[in-house]
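Only one structure is covered here, and it is reproduced in the block below.
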Amino acid sequence: MDDRYFPRNEVKEKIESADSITILSHLNPDPDAIGTALGIYTLLKEAGIKKVEVANASRVLPKYLDFLSGYGKIKEKIDYEESLIIACDCGSVERLGFMLPDRDILNIDHHKSNDLYGSLNVVIPEYASSSQVAFELFRKIFPVSARSAECFYAALLSDTRYFTTDSVNARVFEAAHEMVLLGADPAKTAYNFTQRRSLSSLRILQRALGSLRLYADAQIAVLSVSKEDISATGATIPDMDGIVDYARSLATVEVALFAMELEDSIRVSLRSKGVDVNAIAACFGGGGHKVAAGITFGEGSLQQIIDTIIAKIQDTGYINGKKK
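If you read the sequence shown in the numbering used here, its first letter stands for residue 2, the second for the next number, and so on.
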């Protein structure tokens, strides 16, 4: 990647001139958000930067990521009032969940829908994960230890769905190779990702699969869970990560939708096999990537929201081969 995408001197100057640093990731973080934040946090701490903190505004984090360095240091609040903010994997400043007026923000991301809210933006949609962006950026500024590399590797593994997404290319495998050479343990990461599911995650999956509905000659698949489903199973938001992929795995399906009804909002995950679901999500104030996007609705009924999104998909011609 051309070095103009990586303003390393500017980033180094910002970090070295900052009295304190706060590393943030988006609300309800996925492994890319957490892994990227912890990878940066770990390498900065190991570089001798004493006043650095890592925080996330969510009450519940993915428990299976507790093997990553610095996981236990993640706070729910910001203690440094004038710190440099390093935002990880977050498309808009609102999704960070903190009030950050007039703060100096280094924005590190790979989402095409990122609105470039930082005072310095390192956003590369061509990259497979935010951790890949962070790894390529910071490895030329600070040493990357085995602990930091493991955080970046875990994030990359997750956001590529075990190297199966269309964002995977030779550069992705080169980055993963370098992370492993630095000390990331693929077997340890795979174990924590695949062998530590909670019982509640299986129970909510059962309910989601039981809700399966097909539309448009089985080209659209919908899964959903209600507030009652979530309460009855004891599931948390991290427990529901990946459910949408079960709908996408059906042979006939071009677009998959998973909707979860929370106490204060309805969250929708969209996945596809080539259809631009980022464009669909953008119609409702959401965003993401071409084949993976999300939307959050502050109000409305679960079925009405599902019906509205399905109508939009059909109205815009993204099914039946009309538009890709």
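Idealized CB from N, CA, C, for every residue including glycine.
Quick caveat: nothing in here was measured; it's all calculated off a predicted structure.
Span of the alpha helix (DSSP H), counted from its first residue to its last, around residue i
i, result
"A156", "A147 to D160"
"M180", "A171 to L182"
"R249", "I244 to R249"
"E229", "K228 to T234"
Span of the beta strand (DSSP E), counted from its first residue to its last, around residue i
i, result
"F143", "Where F143 is concerned, there is no enclosing beta strand (DSSP E), given that its DSSP letter is neither H nor E."
"L215", "R214 to Y216"
"V55", "V53 to A56"
"T23", "I22 to S26"
"N29", "Note, N29: premise wrong, no beta strand (DSSP E); not H, not E."
"K85", "The amino acid at residue 85 is misidentified as Lys; the sequence shows Leu. Element bounds for L85: L85 to C89."
"D316", "Careful: D316 lies outside any beta strand (DSSP E), inside the alpha helix (DSSP H) at L303 to D316."
8 Å contact criterion, which residue i and residue j should meet: CB distance rounded
i, j, result
"I109", "R9", "Incorrect: roughly 13 Å between the Cβ atoms, too far for contact."
Short Cβ contact (8 Å threshold) for residue i with residue j
i, j, result
"A369", "S131", "Absent from the model: residue 369. The displayed extent of the chain is 2 to 325, so no value can be given."
"D240", "S270", "no"
"V94", "H111", "no"
"K15", "L85", "yes"
"G289", "S266", "no"
"I281", "A217", "no"
"R32", "L66", "The question names Arg, but residue 32 in the sequence shown is Pro. Yes."
"V254", "Q220", "yes"
"A294", "V276", "no"
"E137", "T190", "no"
Proximal residues to residue i (C-beta, below 6 Å), its chain only, five neighbours per side dropped
i, result
"K228", "E262"
"Y42", "I24, V55 and G71"
"T37", "C89, D90, S131, S132, A135 and A156"
"P30", "N57"
"E17", "none"
"L28", "A58, S59, R96 and G98"
"D308", "none"
Same chain only: Cβ atoms within 8 Å of residue i, ignoring 5 sequence neighbours per side
i, result
"S212", "V223, L224, S225 and V226"
"K323", "Note that K323 scores a pLDDT of 41, beneath 50, so its modelled location is shaky and nothing firm can be said."
Sequence-distant residues of its chain with Cβ nearer than 7 Å to residue i (five each side left out)
i, result
"G235", "S201"
Inter-stretch contact (C-beta, 8 Å, three-pair minimum) for the stretch 76 to 85 and the stretch 21 to 30: yes
Cβ contact check for the stretch 254 to 270 and the stretch 231 to 246: 3 or more pairs under 8 Å: yes
Contact between the stretch 160 to 168 and the stretch 181 to 188 (3+ Cβ pairs under 8 Å): no
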